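Remarks on the structure that follows.
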Amino acid sequence: MSRAGRLAVAVWTAFSLVCIWFAARAQYTADLAAFLPRSPTPEQQLLVDQLRDGVVARVILIGIEGADEGALAALSAGLAQRLQETEFFVEVDNGSRATLASEAQFLIDNRYLLSPAVRPERFTVEGLRAALERQLDRLASPLGAAVTPILPRDATGELFEIFDALQAVGAPERRGGVWFSRDGRRALLVARTHAPGFDLDAQERAIAAIRMAFGAAKHAAGLSADAAALLIAGPGVFAAQSRAALKRDAMTVSALAGACIVALLLMAFRSLRVAGLILLPVASGVLAGLAAVSIAFGSVHGVTLGFGATLLGEAVDYAIYFFGGAATSASRREALTRVWSTLRLGVATSVAGFAALMASGFPGLAQLGLFSSTGLVVALLVTRWVLPEFSRPGAVPTLLPRLGAVLTRAGQGLARLRPALYAVTAVAIAWLALRGGELWNDELAALSPVAPQDQRLDQEMRSDLGLADVRHLIVVSATSEQAVLEGAEAVGATLDALIAEGALDGFDSPARFLPSAGTQRARLAAIPDPQVLRANLRQAAAGLPFRRGVFQPFLDELAAQKHRRPLTREDLRSTGLAMHVDSLLVERDGGWHAFLPLRAVANPGAIASGLASSGADAVLLDLKADTDALYRDYRERVIAFSLLGAAAIALLLLVVLRSARRVWRVLAPLAAAIATVSAVLSAAGSGLTVFHVVALLLVAGVGSNYTLFFDRLPQQGAAAERDAASLALCNLSTVIGFAAIGFARTPVLSAIGTTVAIGAALSLLFGLMLCSERTQGASTR
33 MSRAGRLAVA
43 VWTAFSLVCI
53 WFAARAQYTA
63 DLAAFLPRSP
73 TPEQQLLVDQ
83 LRDGVVARVI
93 LIGIEGADEG
103 ALAALSAGLA
113 QRLQETEFFV
123 EVDNGSRATL
133 ASEAQFLIDN
143 RYLLSPAVRP
153 ERFTVEGLRA
163 ALERQLDRLA
173 SPLGAAVTPI
183 LPRDATGELF
193 EIFDALQAVG
203 APERRGGVWF
213 SRDGRRALLV
223 ARTHAPGFDL
233 DAQERAIAAI
243 RMAFGAAKHA
253 AGLSADAAAL
263 LIAGPGVFAA
273 QSRAALKRDA
283 MTVSALAGAC
293 IVALLLMAFR
303 SLRVAGLILL
313 PVASGVLAGL
323 AAVSIAFGSV
333 HGVTLGFGAT
343 LLGEAVDYAI
353 YFFGGAATSA
363 SRREALTRVW
373 STLRLGVATS
383 VAGFAALMAS
393 GFPGLAQLGL
403 FSSTGLVVAL
413 LVTRWVLPEF
423 SRPGAVPTLL
433 PRLGAVLTRA
443 GQGLARLRPA
453 LYAVTAVAIA
463 WLALRGGELW
473 NDELAALSPV
483 APQDQRLDQE
493 MRSDLGLADV
503 RHLIVVSATS
513 EQAVLEGAEA
523 VGATLDALIA
533 EGALDGFDSP
543 ARFLPSAGTQ
553 RARLAAIPDP
563 QVLRANLRQA
573 AAGLPFRRGV
583 FQPFLDELAA
593 QKHRRPLTRE
603 DLRSTGLAMH
613 VDSLLVERDG
623 GWHAFLPLRA
633 VANPGAIASG
643 LASSGADAVL
653 LDLKADTDAL
663 YRDYRERVIA
673 FSLLGAAAIA
683 LLLLVVLRSA
693 RRVWRVLAPL
703 AAAIATVSAV
713 LSAAGSGLTV
723 FHVVALLLVA
733 GVGSNYTLFF
743 DRLPQQGAAA
753 ERDAASLALC
763 NLSTVIGFAA
773 IGFARTPVLS
783 AIGTTVAIGA
793 ALSLLFGLML
803 CSERTQGAST
813 R
């Protein structure tokens, strides 16, 4: 090994150790918001925030099934109690009165500020009479034990009015004192985490706590391990599962692709050492790409991690050219020098394409672009300066000569099928044009790694729980906290009227948990003077079976209440109400926003019209429609940047090759392959997504290496056959590697793998058809 060689190996070793350190310490995420715009409009930013940490992002839905009703109710109570004792949850609700009883003292002390029933007519003789009769009904009901202690202080039943207001509209039925599904086979709970939905490590810890608490609850109930089943759903749960699935798929498909490629290399070169050395540049490129992304972005997305497998498809080519280009060590170095300019140009075209992703303004795609560009450059440099230092003198037995002869003869035959290629390409382009907008699938759900059965479980539990529809959301905006609460109250009044008309079933609002100061003052002002109240109460209670003087505490407290100050957000900090307010009321960029999630929206048009007349600065968001529209804009921008990347590739080729005809010869097979694979995927019923666009860009990068070599291959002889064989082996390894990725369960990785596998095969095939007539004496610089 020469002095320069030792220096190259030393630099590579140190560089690899640094990359390993960064890759090992990197944070891996699965947040699909990374594939949304970095600088959207204010409305889009609110939408992105909701996807990451909005009103529903912290909710975990819990179901228990597989036992009789009594056992399920007991498990629900035991699980809720244990979860409330952990540090992970702000609130755990299973429908039990004990859930709100923990806040009873706060609610009792502030009932005249929080009860929506407090109005002047509440304290008239008629109003007090109606309230006292309702209290009698409660005393005669199963609630009697709860009413008796508070009755002397709460003659009008404001505490129960608050309970009713805080209960979800359409809440599930209770069995055994806890929530159950409509069919009675599943006990239900709702847990809200302290951690935001995008903190996946915290979400995983919360999920683990639920599983542990469930096991303890079963043990305490004397049930066997398989006596009941725990079901968990919700955005945080799915995000954590998605990250695990992405990592699992990335590791699995990378291992599968690597194993298939190693087997192919062993067959071709019949040397385990050579097969290992061929993968050396690939491993170096993957580590360098992960380190670059970790440094630049602070975390690595699971899709980017999965993209590590895709580098097997292109970076492995460089080492194959080295070992397949000549028979001996010395001639291999000469062969590498001979094809160096072609390899360098091939990498430059790939980097030019991926650079468009880095400039696209989308963090997720920028990660993919940086990862791929860094990985390919490092893999090429390792092939050029490091790999020759590990190459032993002597010949490497291969099957390449025979493969090269076959490919050369195939190229001569395929050239006669060029008219058929033109026809196929024309049909593909016509099909794509006819499909128009139907060509694309712009639903964000199409990229979700969440299994359909898990999505159905989430929908079932939300429906049974009567939770707010995660699709429709009203956003009220104002310049101050009080102004936005007043706006939420105005919108709430409009929505109450629309509920009566059947436009929706219900809604949540921060003003339910923290009324505006103006509303609280109005409720206190509704309380009459003590003398008037005492006289009205005496008349209202006449003839009712209440002891004389029993309501003196009620009269005393009301007299003191008139001088209360309004509750503030800070007053709620020590209560479970704070979580509701914090999730529904946010300050961002100097403005305040209140979120009102809607349930079972039947008439969005009526709601939009009602908002326009409410006087509040409010907008109705359809999370599905708006995210799909946002994603459609995103996809269009990605296509635009990809076209810029394609233009950059064409310009680079024109500058280097200095011949429009040669540029056409290089690009035409790629264009035909991209059009054909797009048509094939569309005809198969697979709507194209933005990740198909990324995959097609990768097809252009991989395929350009083939067509560049076709353009620069020697016309005949052993060298021509060796280079042609190397091309065939490179293509076969690419197709096998990406085909393995196509079997991933994660839709994103599957789309990339399938697209590139088909596109790479077509690139070689079309290159053989269109590049067989090369200019004699084409430059091999």
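Residue numbers (this note's numbering): 33 to 813.
The beta carbon of each residue, even a glycine, is placed where N, CA and C say it ideally should be.
All values reported here derive from a predicted model rather than from experimental measurement.
- Query: So is His724 buried or exposed if we call it buried at 16+ other beta carbons inside 10 Å?
  - Reply: Position 692 of the sequence shown, counted from the first residue, corresponds to residue 724. With 16 or more neighbouring CB atoms inside 10 Å of its own CB, His724 falls in the buried class.
- Query: Assuming Ala249 contacts Arg114 under a Cβ cut-off of 8 Å, what Cβ separation, rounded to an integer in Å, is found between them?
  - Reply: Counting from 1 along the sequence shown, the entry for residue 249 is found at position 217. Counting from 1 along the sequence shown, the entry for residue 114 is found at position 82. That belief holds up - the Cβ atoms of Ala249 and Arg114 are roughly 6 Å apart, short of 8 Å.
- Could you check the C-alpha separation between Ala692 and Gly385 for me, to the nearest Å? Residue numbering aside, residue 692 sits at position 660 when the sequence shown is read from its first letter. Residue numbering aside, residue 385 sits at position 353 when the sequence shown is read from its first letter. Answer to the nearest angstrom: the Cα atoms are 20 Å apart.
- Give the single residue among Ala252, Ala626, Gly254, Thr225 whose Cα lies nearest to the Cα of Ala241. Position 209 of the sequence shown, counted from the start, is the residue given in the question as residue 241. Of the candidates Ala252, Ala626, Gly254, Thr225, the one whose C-alpha sits nearest the C-alpha of Ala241 is Thr225.
- Query: Can you name, in chain order, every residue of its own chain whose Cβ lies under 6 Å from the Cβ of Ala178, other than the five neighbours on each side?
  - Reply: Position 146 of the sequence shown, counted from the start, is the residue given in the question as residue 178. So no residue of the chain qualifies.
- Local conformation of Thr360 per DSSP, three classes: Position 328 of the sequence shown, counting from 1, holds the residue named residue 360. In this prediction, Thr360 scores a pLDDT of 49, lower than 50, which makes its location untrustworthy; the coordinate-derived value is nonetheless stated afterwards. Residue state, collapsed to three classes: coil.
- Chain-order list of residues whose beta-carbon lies under 6 Å from that of Leu796 (same chain, five-residue window excluded): Residue mapping note: residue 796 aligns to position 764 of the sequence shown, counting from 1. Tyr738, Asn763, listed in sequence order.
- Message: Check whether the stretch 136-151 and the stretch 554-565 touch, using three or more Cβ-Cβ pairs below 8 Å as the test.
- Response: yes
- Evaluate Val564 with the Cβ neighbour count: other Cβ atoms within 10 Å of its Cβ, from every protein chain shown; 16 or more gives buried, anything less gives exposed. If you number the sequence shown from 1, residue 564 lands on position 532. Result: exposed.
- Task: Within the same chain, show all residues whose beta-carbon is closer than 7 Å to that of Val210, passing over the 5 residues directly before and after it, in chain order.
- Result: Along the sequence shown, one-based indexing puts residue 210 at 178. Ala105, Ser108, Ala109, Asn126, Gly127, Ser128, Ala219.
- Item | Close Cβ partners of Arg61 (< 6 Å) along its chain, the five nearest in sequence each way excluded | Position 29 of the sequence shown, counted from the first residue, corresponds to residue 61. Note on identity: in this sequence residue 61 is Thr, with Arg being the wrong assignment. Taking Thr61 as the centre and dropping the five residues before and after it, the same chain places the C-beta of Ser331, His333 closer than 6 Å to its C-beta, in chain order.
- Message: Quick check on DSSP: helix, strand or coil for Arg579?
- Response: Sequence index remark: in the sequence shown, residue 579 carries index 547 (1-based). Look at Arg579 here: in three-state DSSP terms it is coil, with no helix or strand label.
- Cβ atoms of Leu145 and Leu599: under 7 Å apart, would you say? Numbered from its first residue, the sequence shown carries residue 599 at position 567. Numbered from its first residue, the sequence shown carries residue 145 at position 113. Yes.
- Tell me whether Ser645 is buried or exposed, calling it buried when 16 or more other Cβ atoms sit within 10 Å of its Cβ. Start at 1 with the first residue of the sequence shown, and residue 645 comes out as number 613. The residue in question, Ser645, is exposed, as its Cβ has fewer than 16 Cβ neighbours within 10 Å.
- Task: Quickly, what does DSSP pair Gln121 with across the bridge? List them, please.
- Result: In the sequence shown, the residue the question calls residue 121 occupies position 89. Before going on, a small fix: residue 121 reads as Phe here, not Gln. Thr225, per the DSSP bridge assignment.
- Straight-line CA distance for Ser213 to Gly95? For the purposes of this step, residue 213 is identified with residue 181 of the sequence shown, where counting begins at 1. For the purposes of this step, residue 95 is identified with residue 63 of the sequence shown, where counting begins at 1. Cα to Cα, Ser213 sits roughly 9 Å from Gly95.
- Query: Taking DSSP as the reference, what is the three-state secondary structure of Thr812?
  - Reply: The residue labelled residue 812 in the question sits at position 780 within the sequence shown. Note that Thr812 scores a pLDDT of 38, beneath 50, so its modelled location is shaky; the value from the coordinates is reported in the next line. Three-state DSSP puts Thr812 in coil, outside helix and strand.
- For Glu818, is the classification buried or exposed, using 16 other Cβ atoms within 10 angstroms of its Cβ as the cut-off for buried? With the chain represented from 33 up to 813, any question about residue 818 goes unanswered, as that position is not in the structure.
- Message: Output needed for Leu643: all residues of its chain with C-beta closer than 8 Å, excluding positions within five of it in sequence on either side, in chain order.
- Response: For the purposes of this step, residue 643 is taken as residue 611 along the sequence shown, with counting starting at 1. For Leu643, where only same-chain residues beyond five positions count, the Cβ hits under 8 Å are Ile506, Val523, Thr526, Ala650, Val651, Leu652.
- N- and C-terminal bounds of the beta strand (DSSP E) containing Phe627: Counted from its first residue, the sequence shown places residue 627 at position 595. Here the beta strand (DSSP E) through Phe627 covers 623-631.
- Looking at Ser758 and Gly378, is the spacing between their C-beta atoms short of 7 Å? As a working note, residue 378 is residue 346 in the sequence shown. As a working note, residue 758 is residue 726 in the sequence shown. Going by C-beta atoms, Gly378 is not nearer than 7 Å to Ser758.
- Task: Please name the residue or residues paired with Ile94 in a DSSP beta bridge.
- Result: The count along the sequence shown starts at 1 and reaches residue 94 at position 62. According to DSSP, Ile94 bridges with Leu221, Ile264.
- Message: Assuming the contact rule is C-beta atoms closer than 8 Å, Val50 and Ala323 should be a hit. Round their C-beta distance to whole Å, please.
- Response: For this step, residue 50 is matched to residue 18 along the sequence shown. For this step, residue 323 is matched to residue 291 along the sequence shown. Yes, Val50 and Ala323 are in contact; Cβ-Cβ is about 7 Å, under 8 Å.
- Item | N-terminal and C-terminal residue of the alpha helix (DSSP H) that Arg170 is part of | As a first step, residue 170 is located in the sequence shown; it is residue number 138 there, counting from the start. Residues 157-171.
- Is there at least one Cβ from chain D nearer than 7 Å to Gln487's Cβ? Absence of chain D from the displayed structure is noted, only one protein chain being present.
- Query: Excluding the five sequence neighbours on either side, which residues of its own chain have a C-beta within less than 7 Å of the C-beta of Arg503, listed in chain order?
  - Reply: Residue mapping note: residue 503 aligns to position 471 of the sequence shown, counting from 1. Cβ neighbours of Arg503 beyond the five flanking positions: Asp654, Leu655, Lys656.
- Item | Best match in Pro313, Ile790, Ala532 for proximity to Ile639 [C-alpha to C-alpha] | The residue you call residue 639 lines up with position 607 of the sequence shown. The candidate whose alpha carbon is nearest that of Ile639 is Ala532.
- Return the CA-CA distance between Ala55 and Gly785, expressed in angstroms with no decimal places. Taking the first residue of the sequence shown as 1, we reach residue 55 at position 23. Taking the first residue of the sequence shown as 1, we reach residue 785 at position 753. Spanning the two alpha carbons is a distance of roughly 23 Å.
- Buried or exposed for Val420, please, with buried defined as at least 16 other CB atoms from any protein chain shown within 10 angstroms of its CB. Along the sequence shown, one-based indexing puts residue 420 at 388. Note on residue identity: the sequence assigns Pro, not Val, to residue 420. Label assigned to Pro420: buried.
- Under the assumption that Thr457 contacts Ala707 (Cβ atoms under 8 Å), give the Cβ distance between them as a whole number of angstroms. Start at 1 with the first residue of the sequence shown, and residue 457 comes out as number 425. Start at 1 with the first residue of the sequence shown, and residue 707 comes out as number 675. Rounded, the Cβ-Cβ distance is 6 Å, consistent with contact.
- Where does Leu556 fall in DSSP's three states? What you label residue 556 is simply residue 524 of the sequence shown in a count that begins at 1. Of the three classes helix, strand and coil, the one that applies to Leu556 here is helix, per DSSP.
- Message: What would DSSP say about Asp654, mapped onto helix, strand or coil?
- Response: In the sequence shown, residue 654 corresponds to position 622, counting from 1. If DSSP states are grouped into helix, strand and coil, Asp654 belongs with the strands.
- Task: Determine the burial state of Gln584: buried for a count of at least 16 other Cβ atoms within 10 Å of its Cβ, exposed for fewer.
- Result: On the sequence shown, position 552 is the one that residue 584 refers to. With fewer than 16 Cβ atoms within 10 Å of its Cβ, Gln584 is classed as exposed.
- Helix, strand or coil: which one does DSSP assign to Val201? For the purposes of this step, residue 201 is identified with residue 169 of the sequence shown, where counting begins at 1. Unreliable positioning characterises Val201 in this predicted model, as indicated by a pLDDT of 47, which lies under 50. A coordinate reading is not provided.
- Query: What are the start and end residues of the alpha helix (DSSP H) that includes Glu492?
  - Reply: Residue numbering aside, residue 492 sits at position 460 when the sequence shown is read from its first letter. Counting along the chain, the alpha helix (DSSP H) containing Glu492 begins and ends at 484-497.
- Query: Span of the alpha helix (DSSP H) holding Arg38?
  - Reply: Your numbering for residue 38 matches position 6 in the sequence shown. Counting along the chain, the alpha helix (DSSP H) containing Arg38 begins and ends at 35-57.
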